[in-house]
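*Asks:* Numbering (this note's numbering), first residue to last: 2 to 138. Here it is, the structure, as structure tokens.
Listed below in structure tokens is the structure:
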């Protein structure tokens, strides 16, 4: 499903609660714009709002593979399935620590949020998204 919103750049995603559906051209434009912005940052945190822990971990793996990032590790025993309960989750990953944590959380939208960090160039720092869970598939 695609969106009726005129998503032509990353700024068009600001303030959305959930990632919109994108057509192939929109997805390509956003990935190209994001790649340039990410290149100015030294490290990243990522937040993934997903309907399940499996969907969140899959989206993280696709993101890491597409961007050539080292794989993050679960930060605690059982982090792949918080509390053993199915349902929506929020995954928080941090390249500085090399870890991700999952927590069960109702009421979230769906999508990926990426925050770029760079102490040497704070102007490059920003948060982008929500990006569709399958943007990096």
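Each residue gets a CB set at the ideal place from its N, CA and C atoms; glycine is no exception.
Considering only residues of the segment 38 to 114, which uninterrupted alpha helix (DSSP H) runs meet the minimum length of 4 residues and lie entirely inside it, listed in chain order?
*Replies:* The qualifying runs are 54 to 68.
*Asks:* Can you tell me which of the three DSSP states residue 14 falls into?
*Replies:* The residue given as residue 14 occupies position 13 in the chain shown. Looking at residue 14 - three-state DSSP - the assignment turns out to be helix.
*Asks:* Based on Cα-Cα distance, which residue from 70, 138 and 10 lies nearest to residue 34?
*Replies:* Working through the chain shown from its first residue, we reach residue 34 at position 33. When each option's Cα is compared against that of residue 34, the closest is 10.
*Asks:* Roughly how many angstroms lie between the CA atoms of residue 125 and residue 93, to the nearest whole one?
*Replies:* Along the chain shown, read from residue 1 onward, the residue named residue 125 stands at position 124. Along the chain shown, read from residue 1 onward, the residue named residue 93 stands at position 92. Looking at the two C-alpha atoms, the distance is approximately 21 angstroms.
*Asks:* Have a look at the DSSP bridge pairing and note the partners of residue 116.
*Replies:* Indexing the chain shown from 1 puts residue 116 at position 115. 46 and 128.
*Asks:* Use the C-beta contact count for residue 19: other C-beta atoms within 10 angstroms, 16 or more gives buried, fewer gives exposed.
*Replies:* Numbered from its first residue, the chain shown carries residue 19 at position 18. Residue 19 should be labelled exposed.
*Asks:* What's the gap between the Cα of residue 99 and the Cα of residue 120?
*Replies:* Here the question's residue 99 lines up with position 98 in the chain shown. Here the question's residue 120 lines up with position 119 in the chain shown. Roughly 18 angstroms separates the two Cα atoms.
*Asks:* Distance, Cα to Cα, residue 97 vs residue 39?
*Replies:* Position 96 of the chain shown, counted from the start, is the residue given in the question as residue 97. Position 38 of the chain shown, counted from the start, is the residue given in the question as residue 39. In a straight line, the C-alpha of residue 97 is about 15 angstroms away from that of residue 39.
*Asks:* When the Cα atoms are used, what is the spatial distance from residue 129 to residue 16?
*Replies:* Numbered from 1 along the chain shown, position 128 holds the residue referred to as residue 129. Numbered from 1 along the chain shown, position 15 holds the residue referred to as residue 16. Near 10 angstroms, if we compare the C-alpha coordinates of residue 16 and residue 129.
*Asks:* Tell me the rounded alpha-carbon separation between residue 12 and residue 76.
*Replies:* Counting from one through the chain shown, the residue named residue 12 turns up at place 11. Counting from one through the chain shown, the residue named residue 76 turns up at place 75. Rounded to whole angstroms, residue 12 to residue 76 spans 32 angstroms at the Cα level.
*Asks:* Using the C-alpha atoms, what's the distance from residue 116 back to residue 21?
*Replies:* Locating residue 21 in the chain shown gives position 20, counting from the first residue. Locating residue 116 in the chain shown gives position 115, counting from the first residue. About 19 angstroms.
*Asks:* Ordered along the chain, which non-local residues of its own chain (more than five positions away) have a Cβ less than 7 angstroms from that of residue 67?
*Replies:* What you label residue 67 is simply residue 66 of the chain shown in a count that begins at 1. Result list for residue 67: 137, in chain order.
*Asks:* If you draw a straight line from the alpha carbon of residue 101 to that of residue 131, how long is it in whole angstroms?
*Replies:* The residue labelled residue 101 in the question sits at position 100 within the chain shown. The residue labelled residue 131 in the question sits at position 130 within the chain shown. If I take the Cα positions, the gap works out to 18 angstroms.
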